[in-house]
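All residue numbers for the sequence shown refer to full-length UniProt numbering, where the first residue is 1 and numbers rise by one. By construction, the Cβ of each residue, glycine as well, lies at the ideal position given by its N, Cα and C atoms. Presented below is the structure to which this report refers.
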Amino acid sequence: MGRRNDTVPLELQGQTLYVIRDLESALRNISQMVKKLVIWADALCVNQTDLSERAAQVRLMGDIYRDANHILIWIGSMQEDGVLALDFIETLGNAYYDLESVDAAVDFINNRDIPQLLFDRGWTAVAQMLKRPWWTRIWTLQEAGLAREVSMDASTVPLKLEIKPDIKDVITAAITKTEAVELLKLLSLCRAFAAKDALDKIYACIDLAKPIPVFKIDYVTPSNQVYLKFVVAYISYSKSLSILKEAGRNVSAQDADNQLPSWVPNWTNTDYRSLLTGEGYHAAKDTEPRYSVLGNRLAVKGLLFECIETVELPGDNALVNWSKSALSGQSAVYDSMGIPQVQAYFRAFFTGKHPETQGRLDPKDTSFYSPAISFCTFLSADEEISSLLPQEIGVFATQSAMPLAQAILVFMLQQDDPDVPKAYWEWEAETKRNETRDMGLVHFSFKLGAARNSSFIMTSSGYMGLAPKWTQVGDQVCVLPGCCVPVVLRYTEGCYSLVGECFVLGLMDGEMLSGSNWEAQLRDFDIL
């Protein structure tokens with residue numbers, strides 16, 4: 001629906017209620033099409049001012065959407081562009097689904113006049129439609145995901161959204177996971193969604209995963225306390241501390257995050273982006289957490305790795321600064337893994353994953369050099385070519401960045417690693433055959449957010465990686481049993497604060513727990 005502060009009066013059984021304008025518009029249009037129909041709309045059917053009733057009804061929301069004969073998604077009156085947008089979506093959807101294979105899909109795209117297609121007025125109409133508030137609301141997950149049958153409406157133009165059986169199976173599987181850890185993934189993915197109430201960021205996701213028995217929906221208790229209760233319940237139920245990767249804060253900042261303990265995620269902070277997906281990382285192997293909760297404090301046992309000695313902050317020239325810090329040392333070998341330093345740098349930048357497949361990189365896999373070379377070559381190109389870059393890459397393609405990118409590329413080619421020139425010449429040959437130089441560029445650009453939102457770090461013995469942008473020299477890298485990734489802690493005033501998750505190359509697969517006496521090295525961390 002629409003903006004919550006955009007309300008109009010609605011007469012209902014002799015009473016005047018104020019509802020959002022789009023709800024009034026939807027009811028008015030439906031009443032003109034159907035004379036008699038039973039409709040359930042949460043804004044009308046749930047007393048939003050009675051917090052106890054609201055909590056009771058929210059517990060039933062999933063069942064309501066599952067049992068409804070039909071879900072109508074009203075995205076608001078859009079007039080002519082609304083008609084065009086829905087027609088355009090329907091046409092593309094039918095054409096795409098009718099294709100029988102990936103090869104057929106590629107042929108379909110290649111046989112189209114791409115420039116003309118990209119500037120088709122239908123795309124503009126779709127873009128305007130996707131800017132509507134409905135797409136950003138957290139409850140849309142249940143509205144569309146749990147429904148038997150869905151249709152989308154814009155003014156008097158309906159579009160039935162038929163979810164094909166094979167796609168339906170995928171969606172159903174995605175939102176009915178039996179493991180609690182999937183709830184954490186869902187919460188992370190939906191962090192940017194909007195919610196009228198801060199607690200809805202949790203409640204809207206709970207019904208899409210296996211519920212945590214000891215956690216109850218509650219709108220009476222203040223949100224900070226509910227967030228704390230939720231984390232404690234999640235840790236207890238999942239026997240995992242991996243939820244800590246969603247927490248952490250800028251300890252020196254005076255913001256809303258500081259109203260919570262640093263180890264409790266603030267789900268209303270839509271600017272927070274998890275550095276790591278958590279999937280594929282096993283910093284603590286399959287251990288269980290050793291912890292206790294004392295009020296706002298998390299007492300946990302863990303392993304202290306090393307202090308952080310170098311911090312390169314994010315920014316427009318971050319990649320260049322990171323490269324200088326990582327590659328300007330005397331050693332050409334990354335000692336912990338016995339691989340060339342330049343290879344270690346790109347592995348750290350890619351957080352140990354292949355930029356295209358997003359799978360964990362095999363220790364002997366050097367195929368990620370190709371997109372890295374592609375990126376540096378593009379930034380070394382002239383202004384005309386740079387103007388064709390996607391926006392997220394184009395911000396780096398400035399006059400000052402181009403010579404620096406050339407320097408990085410030259411440095412790579414000068415390193416004592418035979419895989420670098422090999423990858424370069426293979427890339428050259430492939431791009432000439434394809435008459436394009438964008439191989440791997442999109443996948444590499446996906447990682448560029450790290451250069452804007454993370455800091456490059458090096459520890460006292462030369463381990464390198466990425467950490468939250470507010471990380472400081474002197475912060476400590478630790479591995480906690482039960483947590484899939486290492487964390488950065490800061491000691492202040494007699495206790496620790498959680499700065500956030502981190503990626504440290506050579507520490508992501510249980511290396512600190514590989515010895516027989518690692519338990520003897522455990523120490524206590526009191527985190528507030």
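Item: Close beta carbons around Glu24, own chain, < 8 Å, minus the five adjacent residues each side; Value: Val8 and Leu10
Item: Option nearest Lys196 by Cα separation, candidates Thr140, Asp207 and Gln32; Value: Thr140
Item: Status (buried if at least 16 other CB within 10 Å, exposed otherwise) for Asp166; Value: Its pLDDT being 44, under 50, Asp166 is placed unreliably by the model, and the measurement read from it follows with that caveat. Looking at its Cβ environment, which holds fewer than 16 other Cβ atoms inside 10 Å, Asp166 is exposed.
Item: Backbone CA spacing between Glu309 and Leu327 [nearest angstrom]; Value: 15 Å
Item: Sheet register partners of Arg137 (DSSP bridge); Value: Ala194
Item: Residues that Tyr291 bridges to, as DSSP identifies them; Value: Val300
Item: Of the residues Ala520, Thr471, Met464 and Leu498, the one placed nearest Val504, counting alpha carbons only; Value: Met464
Item: Rounded straight-line distance, which links the Cα of Asp207 to that of Thr268; Value: 19 Å
Item: Member of Val214, Leu241 and Lys245 whose CA lies at the smallest distance from the CA of Arg273; Value: Lys245
Item: First and last residue of the uninterrupted beta strand (DSSP E) at Met464; Value: Met464 to Pro468
Item: Cβ contact (3+ pairs, closer than 8 Å) linking the region 461 to 477 and the region 339 to 355; Value: yes
Item: Three-state secondary structure (DSSP) of Phe525; Value: strand
Item: From Phe525, Gly494 and Ser460, residue whose alpha carbon lies closest to that of Val487; Value: Phe525
Item: Residue of Leu17, Asp67, Leu183 and Phe193 minimising C-alpha distance to Ser242; Value: Leu183
Item: Reduced DSSP category for Cys205 - H, G, I as helix; E, B as strand; rest coil; Value: helix
Item: Contact set for residue 549: own chain, Cβ-Cβ below 7 Å, skip 5 residues either direction; Value: It is not possible to answer for residue 549, since the shown part of the chain is limited to 1 through 528.
Item: Per DSSP, cross-strand counterpart(s) of Phe456; Value: Glu312 and Leu466
Item: Cβ shell of Leu186 (< 7 Å), same chain only, five flanking positions each side left out; Value: Cys205, Leu208 and Ala209
Item: Spatial distance of Lys239 from Pro481 (CA atoms); Value: 10 Å
Item: Where the alpha helix (DSSP H) through Trp123 begins and ends; Value: Arg121 to Leu130
Item: Sub-8 Å separation of His354 and Asp509 beta-carbons; Value: no
Item: Where Trp518 falls: helix, strand or coil (DSSP); Value: helix
Item: Option nearest Met512 by Cα separation, candidates Val300, Ala348, Thr287 and Lys324; Value: Thr287
Item: Close-in-space but distant-in-sequence residues of the same chain around residue 531 (CB under 7 Å, 5 per side omitted); Value: The requested residue 531 does not occur in the structure, where the chain is confined to residues 1 to 528.
Item: Val38 - partner residues in DSSP beta bridges; Value: In DSSP, Val38 forms no bridge with anything.
Item: Minimum C-alpha distance to Tyr65 - residue among Thr124, Ala299 and Leu146; Value: Leu146
Item: Residues near residue 529 in its chain [Cβ-Cβ closer than 6 Å; skip 5 each side]; Value: Past the boundaries of the shown model lies residue 529; the chain is included only from 1 to 528, so the question cannot be answered.
Item: Asp6 to Arg148 span [Cα, whole Å]; Value: 30 Å
Item: Of the residues Leu298, Asp365, Met337 and Gly515, the one placed nearest Leu489, counting alpha carbons only; Value: Leu298
Item: Cross-strand partners of Thr7 (DSSP beta bridge); Value: Ile20
Item: Leu51 versus Gln57 - alpha carbon distance; Value: 10 Å
Item: Candidates Asn29, Ile30, Val19 and Gly62, of which the one nearest Asn47 by Cα; Value: Val19
Item: Three-way DSSP call (helix, strand, coil) for Gly500 in this model; Value: strand
Item: CB-CB length for Ala194 against Ile138, believed under 8 Å; Value: 7 Å
Item: Pro261 beta carbon less than 8 Å from that of Leu528; Value: yes
Item: Any non-hydrogen atom of the ligand ATP within 7 Å of Ile39 CB; Value: Judged by which ligands are present, the structure shown has none, so any question about the ligand ATP falls away.
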